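Q: Chains as they are written, first to last, in the numbering used here: chain V, 1 to 114; chain B, 1 to 110.
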Amino acid sequence: SQTIHQWPATLVQPVGSPLSLECTVEGTSNPNLYWYRQAAGRGLQLLFYSVGIGQISSEVPQNLSASRPQDRQFILSSKKLLLSDSGFYLCAWSARARAKNIQYFGAGTRLSVL
Amino acid sequence: GQNIDQPTEMTATEGAIVQINCTYQTSGFNGLFWYQQHAGEAPTFLSYNVLDGLEEKGRFSSFLSRSKGYSYLLLKELQMKDSASYLCAVRDRNTDKLIFGTGTRLQVFP
Chain V
1 SQTIHQWPAT LVQPVGSPLS LECTVEGTSN PNLYWYRQAA GRGLQLLFYS VGIGQISSEV
61 PQNLSASRPQ DRQFILSSKK LLLSDSGFYL CAWSARARAK NIQYFGAGTR LSVL
Chain B
1 GQNIDQPTEM TATEGAIVQI NCTYQTSGFN GLFWYQQHAG EAPTFLSYNV LDGLEEKGRF
61 SSFLSRSKGY SYLLLKELQM KDSASYLCAV RDRNTDKLIF GTGTRLQVFP
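#1: Check Ser50(V) in the structure and name its three-state DSSP category.
#2: Nearest-angstrom Cα distance between His38(B) and Ser67(B)?
#3: Smallest Cα separation from Phe60(B): which of Asp52(B), Tyr72(B) and Leu51(B)?
#4: On the CB-based measure, 16 or more other CB atoms within 10 Å of its CB, does Leu111(V) come out buried or exposed?
#5: Pair every Cβ in the stretch 56–74 of chain V with every Cβ in the stretch 14–24 of chain B, then say whether three or more of these pairs are closer than 8 Å.
#6: Identify whether Asp71(V) lies in helix, strand or coil by the three-state DSSP scheme.
#7: Which one or two residues does DSSP pair with Asn21(B) in a beta bridge?
#8: Let me make sure I understand the geometry here. Which of Phe29(B), Thr23(B) and Ala89(B) has the alpha-carbon closest to that of Ile102(V)?
#9: In the DSSP assignment, what residue or residues form a beta bridge with Asn113(B)?
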C-alpha cells in the first residue's frame, strides 16, 4: 500500500530564518506531488505541484520554492521566512493517469514564524 | 473564475442525519471530492462524484448535480467522531487541479 511521510510535524522558526520541509511517498512510482498551505479559516491553497523529477509548477508568487530531487521526494524551502508564512503545510500525492486522480495527504507540518 | 461555497459551521445531534451543501462555479468541471479533516490533522478522502446522482458509502453519501453546480454530503447515524471539518473540492478540467472550499466545521453533540 502507498504511504506518504511528511516532517517535521511542528516547527517554530524566527522571521528571516530558512525553511526546509520534506515529503516522501512510498509504494508508488511517478506520482504527482503537491504542496498546499492552509491558513486559519481559509481553504487549502495550492503552492506547488510536480509531475516528475525536476518539474515544478508554482501557483502563487512568494518567497517559497519547491524541489523534487527524486521521484518520490518533494521538498518545500524558503531562504528567509516571513510572518505571513505561518500556517499548516500539507504535502499530497496522486497517481498519474488515473481517472479519479484522488489526492492523498500527509500528516502536515504546523509552522509558526515568530 | 472558480468559486466554491459551503456553510462555515453546522451543528447536529448524535444519531441524527446532517446534509452539508456545496455550490461551485468553474470554467471546466471534472469531478467533485469530499474530504474529512479533524482538527490539526490532514484531510482524508471521503467521496468522489463526476456524474450526476448519489454515491453511497456506508453512513456517508454524496450527491452531484452538474447542471446546478451543486453537491451535498449526507452523514447518517451521526457519531461524536464525525465532529470535523468537511471540505468540498472541485477538479478543474483545464488545469486538472483541485480547488478547495473553506470547509464546513461540523460539531456533533450528545
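Heads up, the beta-carbon is just placed ideally off N, CA and C, and yes, glycines get one too.
The model shown is predicted, which means the values in this text are computed figures rather than measured ones.
A: Judging by the given coordinates:
#1: Looking at Ser50(V) - three-state DSSP - the assignment turns out to be strand.
#2: Spanning the alpha carbons of His38(B) and Ser67(B) requires a straight line of approximately 31 Å.
#3: The shortest Cα separation from Phe60(B) among Asp52(B), Tyr72(B) and Leu51(B) belongs to Tyr72(B).
#4: The residue is buried, with at least 16 neighbouring Cβ atoms inside 10 Å.
#5: Contact fails: fewer than three Cβ-Cβ distances are below 8 Å.
#6: Note: Asp71(V) maps to coil in three-state DSSP.
#7: BP columns for Asn21(B) point to Tyr72(B).
#8: When the alpha-carbon of Ile102(V) is set against those of Phe29(B), Thr23(B) and Ala89(B), the nearest one is in Ala89(B).
#9: For residue 113(B) there is no data in the structure shown, the boundaries of chain B being 1 and 110.
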